[in-house]
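Residue numbers (the numbering used here), protein chains in the order written: chain S, 3 to 317; chain R, 3 to 317.
To keep things clear, I will list the structure first and then write my remarks on it.
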């Protein structure tokens, strides 16, 4: 049973209360709390050895635990407001805690989000962060709004984090500088909060890429009941990944997780405006394909073989 | 370093944003989200083998994970609205999940709270539930409002859950019926939501008893900058605990955790009204002492010796 089936089966409750506009299944929940304001709620857990290698610096864990949650707010176009954390620690290690708290607060400060509560308990190291944000009523960006003919965009570069993990796990060897760059992208993802807010009223659909472009785009296609065609030469690869064999680099970019970049679709007429925003924001926004009418069908002009997890074609 | 010092040191951020009325340190956070409504946010983690014995039925785990959070909403006088959960599972066990989900939903249904999101991940079993509730503006019950001369009340019976744990851990032997009763009180605590709402505008201070009466009352006294005198004959003991040696029963009632009863203070003039509510609600509300002016000092007309953890007097 896949995680999505599990959630669907055990934790999708009906009927949904009237004030809950989006419940289980999108990047975050959306609840109407005031006539003109909606509350956006997201929760993510990081488990030691599962979501980060066992020797990840505490500062990076604190930073990343918040970053992955903020990325969900970015994907929905929300302004971050408050966070809570549930921290389970195997022992009281003050050096570790100081570094962790510092990493958390550094990003919180940048993002303008404030810690309002939590729970601290003893057990195997795990960190659950819940973020709350707000948007004006009905302006949140959902996964379900992609339209046939929309262009598909992604922010930043794809595959760097998965490449960083491969380097740490010694499945891949890179020049020192590239290895350091990819490890930094794994440990310190950049939630695209400003982009998310800018996309309100512009993008037809949006989500963040946490499980890899292909897996996440498929969710978007299913939610929107559309298909997509991708152009492999447009997939944005960092200078570090451009040095790899193309099919290896594309493998990381298409199926590697932990990028936390935004994936969104917008009508063709917005292309010039998006290109201009790219110049102003200095953030790469690449058009990587187009939405088609073939429901849930994803195709690409390149066939991948020998990917790490046996993935070899799109459906 | 104690949990409270840890939170104080690493996770108490300043300055608090204007819309955050109560932050880290009370039963829950309180945030102003609309002109006449406040959002109440609480988070609690349950870790396998720490917060419940390893062989606790999944149904009870689901029920209790929500109950301990709802108890925080009860303590603040909030109406429960929404919950999220972060579920970390060692493996996919559908029987376990079905029972867990059933226990969670059973209590959620009773309490009128709705699941809006979450995160599922693989790792050592741990459950983090976050509840959100609402109150009319400025009506939440805080720990900091106790007044000299207030009477101190507790709901229900104290010490049953700790006695249940002692039975499970074979540190104590009880007649079968009493053992079953105490184990049920450990596994299925009753969040006192209706009482919490009723206490709005009546109690001067309120919190829930999760760490034991003495430990929790001390927090209330510190928050309110007052002292307290307790009367040992008024501590409410269930019929099961009344059969034990008085000092053993009082030990469980005063220092045992997991009761999730409400502890509140109210002016003497409300005594008759509270006694009448007790009759109507069929919920025991015992006056167990009085608030004094001796800041943070807690005294009782009975000296306890030989408590399990070496506790032998108040101060």
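Cβ atoms here follow ideal geometry from the backbone N, Cα and C, with glycine treated the same way.
{"Query": "Could you list which residues in chain S have their beta carbon closer than 7 angstroms to that of residue 58 of chain R, in chain order?", "Result": "Near residue 58 of chain R there are no residues of chain S at all, since even the closest Cβ is about 15 angstroms away, more than 7 angstroms."}
{"Query": "Helix, strand or coil for residue 199 of chain R per DSSP?", "Result": "helix"}
{"Query": "Could you give the first and the last residue of the continuous beta strand (DSSP E) run that contains residue 44 of chain R?", "Result": "39–49"}
{"Query": "Return the first residue and the last residue of the beta strand (DSSP E) that residue 87 of chain S is part of.", "Result": "81–91"}
{"Query": "How many Å lie between residue 310 of chain S and residue 211 of chain S at the Cα?", "Result": "Unreliable placement is indicated for residue 310 of chain S, whose pLDDT of 48 sits below 50; the coordinate value is still reported in the next sentence. Whole-angstrom Cα-Cα distance: 19 angstroms."}
{"Query": "Just list the residues that DSSP pairs residue 138 of chain R with in beta bridges.", "Result": "R/39"}
{"Query": "DSSP beta-bridge partners for residue 121 of chain S?", "Result": "S/88"}
{"Query": "Which residue from S/103, S/226, S/204 puts its Cα closest to that of residue 296 of chain S?", "Result": "S/226"}
{"Query": "Are the region 178–196 of chain R and the region 62–77 of chain R touching by the rule of at least three beta carbon pairs closer than 8 angstroms?", "Result": "yes"}
{"Query": "So what does DSSP say about residue 300 of chain S, is it helix, strand or coil?", "Result": "strand"}
{"Query": "Would you say the region 116–129 of chain S touches the region 10–18 of chain S, given that touching needs at least three Cβ pairs under 8 angstroms?", "Result": "no"}
{"Query": "Using beta carbons (cut-off 8 angstroms, strictly below), is residue 137 of chain R in contact with chain S?", "Result": "no"}
{"Query": "Are the region 282–301 of chain S and the region 95–115 of chain S in contact at 8 angstroms, needing three or more beta carbon pairs?", "Result": "no"}
{"Query": "Please report the Cβ distance between residue 269 of chain R and residue 206 of chain R, rounded to the nearest whole angstrom; I am assuming they are in contact, meaning their Cβ atoms lie under 8 angstroms.", "Result": "7 angstroms"}
{"Query": "Using a Cβ-Cβ cutoff of less than 6 angstroms, which residues in the same chain neighbour residue 81 of chain S once the five nearest sequence positions on both sides are dropped?", "Result": "135, 136"}
{"Query": "Using a C-beta cutoff of 8 angstroms, does residue 155 of chain R count as contacting chain S?", "Result": "no"}
{"Query": "Rounded to the nearest angstrom, what separates residue 312 of chain S and residue 306 of chain S at their Cα positions?", "Result": "At residue 312 of chain S, the pLDDT of 39 sits below 50, so the modelled position is not reliable; the number obtained from the coordinates is stated separately. Each residue's alpha carbon lies about 10 angstroms from the other."}
{"Query": "Note down the Cα distance separating residue 133 of chain R from residue 233 of chain S, rounded to an integer number of angstroms.", "Result": "44 angstroms"}
{"Query": "Please list the segments of the alpha helix (DSSP H) lying wholly inside the region 134–196 of chain R, counting only runs of 4 or more residues, in order along the chain.", "Result": "162–170, 178–189"}
{"Query": "Output the distance between the C-alpha atoms of residue 246 of chain S and residue 178 of chain S, rounded to the nearest integer angstrom.", "Result": "14 angstroms"}
{"Query": "Answer with yes or no whether the minimum CB distance from residue 10 of chain R to chain S is below 8 angstroms.", "Result": "no"}
{"Query": "Report, in whole angstroms, the separation of the C-beta atoms of residue 115 of chain S and residue 89 of chain S, which I expect to be a contact under 8 angstroms.", "Result": "Not confirmed; about 17 angstroms, so no contact."}
{"Query": "How would you list, in chain order, the residues of chain S whose beta-carbon sits under 7 angstroms from the beta-carbon of residue 43 of chain R?", "Result": "86, 118, 119"}
{"Query": "In the DSSP assignment, find the alpha helix (DSSP H) that holds residue 277 of chain R and state where it starts and stops.", "Result": "273–283"}
{"Query": "If distances are taken between C-alpha atoms only, which option among S/276, S/7, S/275, S/61 comes closest to residue 26 of chain S?", "Result": "S/7"}
{"Query": "Report the residue from R/127, R/123, R/140 whose alpha carbon sits nearest the alpha carbon of residue 388 of chain R.", "Result": "Since the displayed chain R opens at 3 and closes at 317, residue 388 of chain R lies outside it and no answer follows."}
{"Query": "Out of R/244, R/24, R/222, R/28, state which residue places its alpha-carbon closest to the alpha-carbon of residue 154 of chain R.", "Result": "R/222"}
{"Query": "Establish whether the CB of residue 13 of chain S and some CB of chain R are separated by less than 8 angstroms.", "Result": "yes"}
{"Query": "Starting from residue 292 of chain R, follow the beta strand (DSSP E) in both directions and report where the run begins and ends.", "Result": "287–294"}
{"Query": "If the criterion is Cβ atoms closer than 8 angstroms, does the pair residue 293 of chain S and residue 217 of chain S meet it?", "Result": "no"}
{"Query": "Taking buried to mean at least 16 other C-beta atoms within 10 Å of its own C-beta, is residue 1 of chain S buried or exposed?", "Result": "With chain S represented from 3 up to 317, any question about residue 1 of chain S goes unanswered, as that position is not in the structure."}
{"Query": "To which residues does DSSP link residue 265 of chain R through a beta bridge?", "Result": "R/156, R/209"}
{"Query": "Would you mind stating whether residue 40 of chain R and residue 142 of chain R have Cβ atoms separated by less than 8 angstroms?", "Result": "yes"}
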